[in-house]
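**Student:** Residue numbers (the numbering used here), protein chains in the order written: chain A, 5 to 357; chain B, 5 to 357; chain C, 5 to 357; chain D, 5 to 357.
A virtual CB, placed ideally from N, CA and C, is assigned to each residue, including glycine.
4 protein chains.
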Amino acid sequence: MAGRYDFASDNVAGAMPEVMDALVAANAGVASGYGTDHVSARAADLIRAELDADADIRFVASGTAANAWAVACLAQPHEAVLAHRHAHILTDETGAPGFFGSGVGLIGLPGESGRIEPAALEEALAKPEVSYHQPPAALSLTNTTEYGTVCTVAEFKALIDPVKALGYGVHLDGARLANAVAAGFDLKAVPKLGVDILIMGGTKAGSTPTEAIVILNKALARRFDNRLKHMGQLISKGRFVSAPWIGLLETGAWATRAAHANAMAKRLAALMPFPIIHPVEANGVFVEMDQPTLERLADHGWFVYRFLDGTVRFMCSWATTPEMVDELGEALKAVAEGAGNAASGSPQPQRPG
Amino acid sequence: MAGRYDFASDNVAGAMPEVMDALVAANAGVASGYGTDHVSARAADLIRAELDADADIRFVASGTAANAWAVACLAQPHEAVLAHRHAHILTDETGAPGFFGSGVGLIGLPGESGRIEPAALEEALAKPEVSYHQPPAALSLTNTTEYGTVCTVAEFKALIDPVKALGYGVHLDGARLANAVAAGFDLKAVPKLGVDILIMGGTKAGSTPTEAIVILNKALARRFDNRLKHMGQLISKGRFVSAPWIGLLETGAWATRAAHANAMAKRLAALMPFPIIHPVEANGVFVEMDQPTLERLADHGWFVYRFLDGTVRFMCSWATTPEMVDELGEALKAVAEGAGNAASGSPQPQRPG
Amino acid sequence: MAGRYDFASDNVAGAMPEVMDALVAANAGVASGYGTDHVSARAADLIRAELDADADIRFVASGTAANAWAVACLAQPHEAVLAHRHAHILTDETGAPGFFGSGVGLIGLPGESGRIEPAALEEALAKPEVSYHQPPAALSLTNTTEYGTVCTVAEFKALIDPVKALGYGVHLDGARLANAVAAGFDLKAVPKLGVDILIMGGTKAGSTPTEAIVILNKALARRFDNRLKHMGQLISKGRFVSAPWIGLLETGAWATRAAHANAMAKRLAALMPFPIIHPVEANGVFVEMDQPTLERLADHGWFVYRFLDGTVRFMCSWATTPEMVDELGEALKAVAEGAGNAASGSPQPQRPG
Amino acid sequence: MAGRYDFASDNVAGAMPEVMDALVAANAGVASGYGTDHVSARAADLIRAELDADADIRFVASGTAANAWAVACLAQPHEAVLAHRHAHILTDETGAPGFFGSGVGLIGLPGESGRIEPAALEEALAKPEVSYHQPPAALSLTNTTEYGTVCTVAEFKALIDPVKALGYGVHLDGARLANAVAAGFDLKAVPKLGVDILIMGGTKAGSTPTEAIVILNKALARRFDNRLKHMGQLISKGRFVSAPWIGLLETGAWATRAAHANAMAKRLAALMPFPIIHPVEANGVFVEMDQPTLERLADHGWFVYRFLDGTVRFMCSWATTPEMVDELGEALKAVAEGAGNAASGSPQPQRPG
């Protein structure tokens, strides 16, 4: 039986037709290089309209690079960025922020289901500064969080306000922002909240590789093309990294297909025979499942990953169909009832994003 | 009159149909993330076959990143890499090697038409080491060179042998390797010459963004996926950066379309009314043209760039047609005869790669 | 009342007379620069004799720099170094390893009283490698540990052997190595254990600023002077950073004065009215003391620091006298009995090394 | 015959008695760590008085580190600093600025005898910005220059004004500032000229290792102790790096002994039988001397170094005596007349700072 990774991550899916069409359309004719082309200009306009705000916008192929740069932009090497202790930048990016930021620090904060605990943030901000520690200079937020929950604008405001009061910066990792928006998060609130840098996720939303770097605090955009080039992120044929956004936004597919992914997660949650640990607010379902059970599931051909908090994650995407969910539901039911053979097919350690 | 950038660079063209078809084909179904997918495996096999050699192969969207990593891999931060003084890594990458290599040095060597002068290399290798300089640890070569010339295997051997005799590494920047191969350079000689890292160019050859990192010295590939992730170059939906190579290589389009680009350059050279400064061996024509003349050409709507050595460059690509060449030829003829109006349309400073 | 910092750290003391004499002696005449002088050569010889081993040796003024370089030398930027979770490199060096190592990672391991728990080390070494984490490449040890305990050769062997079995490197932070040696740790065992890089502490042992970088694995010393210069650690008048070692080692003062410091800690422990939390094996005494009590102690004029594990640390040095210990003992007794005024003199946050 | 390096550099001399006395005085008693001590406070006050300006001041043991940090402070990694093409930061510091500045660039400017040509600076500042180059963000000056000449305040003003007009920063490398001041350069003009960061040299002026980092633009000093710690430059027993300045400045020895060194250079110039290439304005004499002659001089036991411009450099220091100059003069005379044996004693390549 061939392994099925459909629910292993939302980046195992391909690209939606709207994106492929946009790529083909963008391919016509000559375009100037390094992001100065007409396609990138149009994509940036669409994002500004979506945010109802001015911003400097560029497109890169790697969310890790985009987030790592944001950290490096908002904190000096001898400073640190505060984030949830299980945020992607702390746990899953092989130390990339330290590379982009010449050893910049990261400080992990606790909090339920991927949400930062406000009291912990206040405590970190109030800590006396000493020369032998990296003091905080910025806050990094994530929406949808690592555990599939969606922060509200009010929750973000409660975290951002004390940070801005100190003159510190704010970064929003929006790898799964589409799912948060589909779940009710108001995208137009992001600029008003005081976010300095937003990384708006295209890839996991159903695109070919693209993430939009949205610099809301335009003072940070000075000589940004030079910075991108310096860090190996300025794509010569830039239109192919920006074009997907035309497909995602002109048609509304970015949000509507995320709503579909969220609905698939709800459907899966309804079928789930294992305890659901985190509220199912977007496209992920996190459950309690012991290792032998996980191995039996793999034996049934379904591969998913265990997370830092010990839960097992099932992710839905734009490409997930009700039939796939039901098929997985059957397997989960069988596994929960003890079927399967733990001797084979243990899940691979690689957790895809 | 709309400006025409067709000859400004070979990266202003879009992607060839073979590449777009391969992207569409690769989009089907589920694929594991971060370059572990079946498409990337197939693309790597095709490259190994092309080189007739074993190698670890990965795909990235930026040639700057690929080259900068290669420099950082072959030299410690307190060492340096030798290269032609006008090599792309020294002159056109915004210091990226220094970023990837934590301040690693670059030493520029002289040489006619982009070829490194062997005597200058020997002298650099023989220089006594002192603690206050960054001593050489590797050699970086380029084929096709920055000035459109094609080095022979024998020329490379004369440069590589003394470097390898000292135990130093060798990097080959192959952004325009397809054009060199189309001009007779034997690709299968690259592994035998002792090249440690080859960056095989897809983008300028007519692809969507992709460059293949070919690690011929496999000892350098240890934990390479971690390294890629750390430097923001591990693409989650990796199939979209590798698929183009299936289109480029299965059909032979990588080399045959480069041969076309080279032929277009010869056609342009035949029509050229200005002195040609470097031998036209691949897809570029470099000519002597004073600034008022260049401005008159812009006034006719054609934009091209002046290079470090003062020449003006015309680049052909897979997408250049005989009609485009002839049309440009007419404009050049008119300009050479003094037509045009220097008062408008000065060329933009941006030189696209 | 003027504050007294005598027990705040072992680096608040000045330099011992043996060191000052050696500095004055080294000042005579002309000496070649950048560590190539006769004084540095003599100091290195003395250290090699002390270790009974060959090694490449250099002298720097900062232990942070020496340790951070060692981390960067033993692990690539996309790898990590394992250390006790309260080791100085993790907690008290403002992220310096990440700067020297271009974002290199650090993995904290648990263990009682500053000793690494062997089972935790084994678990970390056995963890499956994934591209999105920084896998371990080396182990960093400390003796005397951060909590004043002294590891035995057998304890180190149990930690080092599984690390070397994987081909990984070993670093020993010896900021307080003299105190460990005075407590019975066999210095000559260090090379035999497979330590690759030893940082041998002079400053805290009673010198003016100097730490010896002892490269036991000489393959790591290639072009090391260039590396030192590149990272701003090659001192032009090098004799003034090496001369102290002649004073420290020719006379035996390095170890004998450390024995004195250790004896002072024992004396203090005997007088201590608060619970002692970690075994007093070298020159530090760590006790349980609540914040009001600590503030009353400050009110008596004595300033000491609270550590990561919540204990309060008292450090003795070569310059500590029995009278000073007794005087502090009186104050502690008074404070323990509830005297003092918590309204003034709260301890400064700065913890000096 | 033992080799004599007396004139090889001004850092081959030991420390003057005023400095040794200050070290001994500073050694008394307890002092808080990491530069927060009373000695460092006093030394900083003396420097502020000397400059007649407010400034944040710290002390480090390495001029390379101080200058490299200054470059990194004034330019982002994707920007560059302009300096004379033979400035120490470009030619003699093993790429340290690139390490401290994460790949920050350096742009070399021409100019006679170490002075930057104003027209070349203007041209560099006027160059159109492109994404593939590192644009200038600051200017680095040196006084005394690399070729022993002393810039006037007016000359500096002509260079600094156009730089400040663009909002760029200014760094002054003062490794030999004492010699410039002794030659008439007005130290108090430095703050008024708009210099942001001054590195004031102690070592070459006749101290044990110490350079003062003088941050005149105090906005750049934010969290500077953290930055120093992060880059391995925060010395725990900081008093030993600051104390020399009390000896240098309280007695006036910094300037008066530099005046002596300058006078010794004039005396040597008067005896010099070889063509003097650069004006002798401070403590160095640069002459034309072919390689066989230089080797004959070595054969006479005198070792000096050839510089980047091909001249041979003779440096005087606080410790140079008239007798030493006369003795060297005799040797030079003999060598000029053809004595000596070129077969032995070729000069070592190491040029000590």
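Does any residue of chain B have a CB that is nearer than 8 Å to the CB of glycine 7 of chain D?
**Tutor:** The residue given as residue 7 of chain D occupies position 3 in the fourth sequence. No, glycine 7 of chain D lies away from the interface with chain B (no Cβ there is under 8 Å from its Cβ).
**Student:** For glutamate 133 of chain C, does the three-state DSSP call read helix, strand or coil?
**Tutor:** Reading the third sequence from its first residue, position 129 is the one you call residue 133 of chain C. Here glutamate 133 of chain C sits in coil by DSSP.
**Student:** For proline 213 of chain D, would you say it is in contact with chain C, using Cβ-to-Cβ distances shorter than 8 Å as the test?
**Tutor:** If you number the fourth sequence from 1, residue 213 of chain D lands on position 209. Closer than 8 Å: yes.
**Student:** Is it right to say threonine 212 of chain A is buried, meaning 16 or more other beta carbons lie within 10 angstroms of its own, or is it exposed?
**Tutor:** Taking the first sequence and counting its residues from 1, the one referred to as residue 212 of chain A is at position 208. Buried, by the Cβ-count rule.
**Student:** Is the beta carbon of glutamate 150 of chain C sitting closer than 8 Å to the one on histidine 90 of chain C?
**Tutor:** Taking the first residue of the third sequence as position 1, residue 150 of chain C is located at position 146. Taking the first residue of the third sequence as position 1, residue 90 of chain C is located at position 86. Yes; because the gap between Cβ atoms is below 8 Å, this pair is in contact.
**Student:** Could you give the residue range of the alpha helix (DSSP H) that holds glycine 251 of chain B?
**Tutor:** The residue labelled residue 251 of chain B in the question sits at position 247 within the second sequence. Where glycine 251 of chain B is concerned, the enclosing alpha helix (DSSP H) stretches over 243–254.
**Student:** My output table needs one value for tryptophan 73 of chain B: the three-state DSSP class, helix, strand or coil.
**Tutor:** Here residue 73 of chain B corresponds to residue number 69 of the second sequence, with the count starting at 1. Helix.
**Student:** For alanine 246 of chain D versus phenylalanine 63 of chain D, is the C-beta spacing smaller than 8 Å?
**Tutor:** Residue numbering aside, residue 246 of chain D sits at position 242 when the fourth sequence is read from its first letter. Residue numbering aside, residue 63 of chain D sits at position 59 when the fourth sequence is read from its first letter. In the sequence under discussion, the amino acid at residue 246 of chain D is serine, which differs from the alanine named in the question. Going by C-beta atoms, serine 246 of chain D is nearer than 8 Å to phenylalanine 63 of chain D.
**Student:** Does alanine 347 of chain C get closer than 8 Å to chain D when you measure Cβ to Cβ?
**Tutor:** Locating residue 347 of chain C in the third sequence gives position 343, where the first residue counts as 1. Because the pLDDT at alanine 347 of chain C is just 41, under 50, the model does not fix this residue reliably, and the point stays unresolved.
**Student:** What residues match up with arginine 62 of chain C in a beta bridge as DSSP calls it?
**Tutor:** As a first step, residue 62 of chain C must be located in the third sequence, where it is residue number 58. DSSP output for arginine 62 of chain C lists C:Ile217 as bridge partner(s).
**Student:** For lysine 358 of chain D, which of C:Leu50, C:Lys233, C:Ala65, C:Ile51 has the nearest alpha-carbon?
**Tutor:** The question about residue 358 of chain D has no answer, for chain D in this structure spans 5 to 357.
**Student:** Is the Cβ of lysine 233 of chain D closer than 8 Å to any Cβ of chain A?
**Tutor:** Locating residue 233 of chain D in the fourth sequence gives position 229, where the first residue counts as 1. Yes, its Cβ sits closer than 8 Å to a Cβ of chain A.
**Student:** Please specify which runs of the beta strand (DSSP E), each continuous and at least 3 residues long, are wholly inside the region 150–178 of chain B, giving them in chain order.
**Tutor:** Qualifying beta strand (DSSP E) stretches, in chain order: 173–178.
**Student:** Mind pulling the chain C residues with CB within less than 9 Å of isoleucine 239 of chain D?
**Tutor:** By 1-based counting over the fourth sequence, the position of residue 239 of chain D is 235. Those within 9 Å of isoleucine 239 of chain D in chain C are Ala65, Ser66, Thr207, Pro213.
**Student:** Do the region 200–220 of chain D and the region 37–48 of chain C meet, that is, are 3 or more Cβ pairs less than 8 Å apart?
**Tutor:** Because the criterion of three Cβ pairs below 8 Å is not met, the region 200–220 of chain D and the region 37–48 of chain C do not touch.
**Student:** With DSSP as the reference, label tryptophan 306 of chain B as helix, strand or coil.
**Tutor:** Mapped onto the second sequence, residue 306 of chain B falls at position 302. Correct three-state label for tryptophan 306 of chain B: strand.
**Student:** Could you tell me if glutamate 22 of chain C is buried or exposed, where buried requires 16 or more neighbouring beta carbons within 10 angstroms of its beta carbon?
**Tutor:** Along the third sequence, read from residue 1 onward, the residue named residue 22 of chain C stands at position 18. Buried, by the Cβ-count rule.
**Student:** Going by alpha carbons, who is nearest to alanine 19 of chain D out of C:Glu121, C:Ala30, C:Ile61?
**Tutor:** By one-based count along the fourth sequence, residue 19 of chain D stands at place 15. When each option's Cα is compared against that of alanine 19 of chain D, the closest is C:Ala30.
**Student:** When the cut-off is 8 Å and only beta carbons count, does threonine 98 of chain A lie next to chain B?
**Tutor:** The residue you call residue 98 of chain A lines up with position 94 of the first sequence. True, the Cβ-Cβ gap to chain B drops below 8 Å.
**Student:** Name the residue from A:Asp25, A:Ala35, A:Gly7 whose alpha carbon lies nearest to the alpha carbon of leucine 252 of chain A.
**Tutor:** Counted from its first residue, the first sequence places residue 252 of chain A at position 248. Answer by Cα proximity: A:Asp25.
**Student:** Classify arginine 180 of chain D: buried if its beta carbon has 16 or more other beta carbons within 10 angstroms, exposed otherwise.
**Tutor:** Mapped onto the fourth sequence, residue 180 of chain D falls at position 176. Answer is buried; the Cβ neighbour count reaches 16.
**Student:** Helix, strand or coil for threonine 146 of chain A per DSSP?
**Tutor:** Counting from 1 along the first sequence, the entry for residue 146 of chain A is found at position 142. Strand at threonine 146 of chain A.
**Student:** What whole-angstrom Cβ distance do alanine 72 of chain D and glycine 107 of chain C have, given they're in contact under 8 Å?
**Tutor:** In the fourth sequence, residue 72 of chain D corresponds to position 68, counting from 1. In the third sequence, residue 107 of chain C corresponds to position 103, counting from 1. Contact doesn't hold; Cβ gap of about 19 Å is too wide.
**Student:** Would lysine 208 of chain D be called buried (16 or more neighbouring beta carbons within 10 Å of its own) or exposed?
**Tutor:** Counting from one through the fourth sequence, the residue named residue 208 of chain D turns up at place 204. The residue is buried, with at least 16 neighbouring Cβ atoms inside 10 Å.
**Student:** Indicate whether leucine 27 of chain B and tryptophan 249 of chain B have their beta-carbon atoms separated by less than 8 Å.
**Tutor:** In the second sequence, the residue the question calls residue 27 of chain B occupies position 23. In the second sequence, the residue the question calls residue 249 of chain B occupies position 245. Not in contact: leucine 27 of chain B and tryptophan 249 of chain B (Cβ atoms no closer than 8 Å).
**Student:** Closer than 9 Å between beta carbons: that is the criterion. Which residues of the region 99–130 of chain A meet it against chain C?
**Tutor:** Result list: Gly99, Ala100, Pro101, Gly102, Phe103, Phe104, Gly105, Ser106, Gly107, Val108, Gly109.
**Student:** Kindly list the residues whose CB is nearer than 7 Å to the CB of leucine 224 of chain B, restricted to its own chain and excluding five residues on each side of it in sequence; keep chain order.
**Tutor:** As a position in the second sequence, residue 224 of chain B is number 220, starting the count at 1. The residues are Cys77, Asp200, Ile201.
**Student:** Using three-state DSSP, classify methionine 24 of chain A as helix, strand or coil.
**Tutor:** Looking up residue 24 of chain A in the first sequence gives position 20. If DSSP states are grouped into helix, strand and coil, methionine 24 of chain A belongs with the helices.
**Student:** Near leucine 191 of chain D, what residues of its chain come up, given a Cβ to Cβ distance below 7 Å and the 5 sequence neighbours on each side ignored?
**Tutor:** Here residue 191 of chain D refers to the residue found at position 187 of the fourth sequence. Hits under 7 Å: Glu54, Leu55, Val185.
**Student:** On the CB-based measure, 16 or more other CB atoms within 10 Å of its CB, does arginine 8 of chain C come out buried or exposed?
**Tutor:** Against the third sequence, residue 8 of chain C aligns to sequence position 4. When all chains shown are included, arginine 8 of chain C counts as buried.
**Student:** Have a look at the DSSP bridge pairing and note the partners of proline 140 of chain B.
**Tutor:** Position 136 of the second sequence, counted from the start, is the residue given in the question as residue 140 of chain B. B:Ala84.
**Student:** Can you give me the start and stop residues for the alpha helix (DSSP H) that isoleucine 51 of chain A sits inside?
**Tutor:** Within the first sequence, numbered from 1, the residue matching residue 51 of chain A stands at position 47. Run containing isoleucine 51 of chain A: 42–55, per the alpha helix (DSSP H) assignment.
**Student:** Beta carbon of histidine 82 of chain C, beta carbon of asparagine 230 of chain B: below 8 Å?
**Tutor:** As a first step, residue 82 of chain C must be located in the third sequence, where it is residue number 78. As a first step, residue 230 of chain B must be located in the second sequence, where it is residue number 226. Contact: yes.
**Student:** Using a Cβ-Cβ cut-off of less than 9 Å, list which residues of the region 150–171 of chain C approach chain A; keep chain order.
**Tutor:** Going along the region 150–171 of chain C in chain order, one finds no residue with a Cβ nearer than 9 Å to chain A.
**Student:** Given a threshold of 16 other Cβ atoms within 10 Å of its Cβ, counted over all protein chains shown, does leucine 336 of chain C qualify as buried or as exposed?
**Tutor:** Within the third sequence, the letter at position 332 stands for residue 336 of chain C. The residue in question, leucine 336 of chain C, is buried, as its Cβ has 16 or more Cβ neighbours within 10 Å.
**Student:** Do alanine 69 of chain D and glycine 105 of chain D have their CB atoms nearer than 8 Å?
**Tutor:** Within the fourth sequence, residue 69 of chain D is the residue found at index 65, counting from 1. Within the fourth sequence, residue 105 of chain D is the residue found at index 101, counting from 1. Not in contact: alanine 69 of chain D and glycine 105 of chain D (Cβ atoms no closer than 8 Å).
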